[in-house]
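Chemist: To start, I am sharing the structure in question, which I have written as structure tokens.
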Amino acid sequence: MKYLAQFMLIVFLFAVKEGRSCTRVVYKGPNQTVITARSMDWRDDIAANLWVFPRGIARSGEVGPQSLKWTSQYGSVVSSAWDIATVDGLNEKGLVANVLWLVESTYPKFDPAGPKKGLAISAWAQYVLDNFATVSEAVSALKDEPFVIVSDYIPGTTKFTTIHLSLSDATGDNAIFEYINGKLVIHHDAAYTVMTNSPIFEDQLALNRYWQGIPGTIMLPGTNRAADRFVRASYYINAIPQTDDVRLSVASVFSVIRNCSVPFGISSETEPNISSTRWRSVADQKNRIYYFENVLVPGTLWVDLAKFDLKKGAPTMKLDMKQGMAINGISNNLFKAAQPFKFMGI
């Protein structure tokens, strides 16, 4: 009864801070085994496609004359949303970037005529994948806010984009980037292996400290709320087998992210921000393998990033995830040359 009463208090405190559902978790096994998984949860079809970008692509922040400009230093495989944004990906150095919804986000104001460059939020994850090999590099470069993140409404909706960014690298390092009250907050620690959407990460850490005192074999919260998914992911990612056998470790990590997914078709009139899981990804950062599964299609596909031509001048490659198309197994040969999509800007 003591545990139950404490649990109900935690649920009440965090219920008012729910956002759109997503979960991200990092597994660390022996012999430099690092695997990052995430679920993408959304009320509507998010139209994901897979893209492979080579080095040497000229990019723009897509916010007008004061757009940030850069050229990609590293090749990457990414999942897009509606082919207007990068929401998830792995680069050739083993850096993984995931964006998750965070309703509490507030970004600094961008002055199109001011001195500071701007970066559309749709390209935030891609900027990191293009430019950095490790979490530490990204933290060092971004901590002084060299540019302004510029957000906008999702096209055709009244939803203003509010997200936070998680990074993990092949060494097992982790960082979370959030904009709270217009200021960048960075949580940088190798121990930060789990993140959901809301609440802000500082509150997620407080929640985790509470649950560390309650053995997972006694009780684990089971709802689809972000706070409950955070607790389950934190427990299970440390409970699964520690192994460098890729077949077992990847299967174990998939089992954790599936456990933290929201069943398809779940919705609530009283909690409109709870959303069904649309797809899941698992990135093997040691071997540079990117796994992907769409919940509407049986089976899992994967991509060996090392087997793509990532040299400057190589073509961008796209795997068009057509509605209902079943793809299983290694899928490098299904990618076709395509022009890079344009990031949604203002």
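Numbering (our numbering) for the sequence shown: 226 to 571. Every residue gets a Cβ at the ideal spot worked out from N, C-alpha and C, and that includes glycine. Keep in mind the model is a prediction, meaning the values are calculated, not measured.
1. Report the CB separation of residue 350 from residue 390 in whole angstroms; it is logged as a contact under 8 Å.
2. Which two residues bound the contiguous beta strand (DSSP E) that contains residue 462?
3. Does the beta-carbon of residue 572 have 16 or more other beta-carbons within 10 angstroms, so that it is buried, or is it exposed?
4. Taking all protein chains shown into account, do 16 or more other C-beta atoms lie within 10 angstroms of the C-beta of residue 472, making it buried, or fewer, making it exposed?
5. Check residue 479 in the structure and name its three-state DSSP category.
6. Are the beta-carbon atoms of residue 511 and residue 279 separated by less than 8 Å?
7. Helix, strand or coil for residue 334? Go by DSSP, reduced to three states.
8. Going residue by residue through the region 250–330, where are the continuous beta strand (DSSP E) segments of at least 3 residues, counting only ones entirely within it?
9. Leaving out the 5 sequence neighbours to the left and right, which residues in its chain are closer than 6 Å to residue 261 when beta-carbon positions are compared?
10. Which two residues bound the contiguous alpha helix (DSSP H) that contains residue 356?
11. In chain order, what residues of the same chain lie with their CB nearer than 6 Å to the CB of residue 513, ignoring the 5 residues before and after it?
12. Tell me the residue span of the alpha helix (DSSP H) that contains residue 362.
13. Output yes or no for whether 8 Å exceeds the beta carbon distance between residue 271 and residue 326.
14. Quick one, which of 535, 534, 475, 455 has its alpha-carbon nearest residue 517's?
15. Thinking just about the alpha-carbon of each residue, which of 413, 414, 415, 401 is nearest to the one in residue 424?
16. What would DSSP say about residue 400, mapped onto helix, strand or coil?
17. Put residue 506 into one of helix, strand or coil per three-state DSSP.
18. Mark residue 347 as exposed unless 16 or more other C-beta atoms lie within 10 angstroms of its C-beta, in which case mark it buried.
19. Under the assumption that residue 455 contacts residue 419 (Cβ atoms under 8 Å), give the Cβ distance between them as a whole number of angstroms.
20. By DSSP, does residue 473 sit in helix, in strand, or in coil?
21. Would you tell me roughly how many angstroms separate the C-alpha atoms of residue 331 and residue 292, rounded to the nearest one?
22. Anyone know if the C-beta pair for residue 377 and residue 571 falls short of 8 Å?
23. Please list the terminal residues of the continuous beta strand (DSSP E) segment that includes residue 542.
24. Give a yes or no on whether the C-beta atoms belonging to residue 504 and residue 520 are separated by under 8 Å.
25. Taking the straight line between their C-alpha atoms, what separation do you get for residue 427 and residue 411?
26. Could you tell me whether the Cβ of residue 428 comes closer than 8 Å to any Cβ of chain C?
27. Taking the DSSP output, what are the residues bridged to residue 576?
28. Between which two residues does the beta strand (DSSP E) containing residue 517 stretch?
29. Ends of the beta strand (DSSP E) at residue 393?
30. Considering only residues of the same chain and omitting the five flanking positions on each side of residue 288, which have a CB-CB separation below 6 Å?
31. In the DSSP assignment, the beta strand (DSSP E) including residue 409 goes from what residue to what residue?
Modeler: Result, derived from the coordinates:
1. Taking 8 Å as the upper bound for CB-CB distance, residue 350 and residue 390 are in contact here, some 6 Å apart.
2. Here residue 462 belongs to no beta strand (DSSP E); instead the alpha helix (DSSP H) covers 451–464.
3. Outside the displayed span of the chain (226 to 571) sits residue 572, for which this structure offers no information.
4. exposed
5. helix
6. no
7. coil
8. If we require 3 residues or more, the beta strand (DSSP E) runs fully inside the region 250–330 come out as 258–266, 275–278, 283–285, 294–296, 301–306, 310–316, 321–326.
9. Once the five neighbours on either side are set aside, the close Cβ partners of residue 261 are 251, 321, 393, 508.
10. 349–356
11. 530, 531
12. 360–367
13. Cβ distance not < 8 Å, so residue 271 and residue 326 don't count as in contact.
14. 475
15. 401
16. Look at residue 400 here: in three-state DSSP terms it is strand.
17. Strand.
18. buried
19. Cβ-Cβ separation between residue 455 and residue 419: approximately 6 Å, consistent with a contact (criterion under 8 Å).
20. Three-state DSSP puts residue 473 in a helix.
21. 20 Å
22. yes
23. 542–544 is the span of the beta strand (DSSP E), which, as asked, contains residue 542.
24. yes
25. 10 Å
26. The structure shown has no chain C; it contains just one protein chain.
27. A question about residue 576 goes unanswered here, because the residues of the chain that appear run from 226 up to 571.
28. 514–519
29. 388–393
30. 343, 345, 375, 570, 571
31. 408–413
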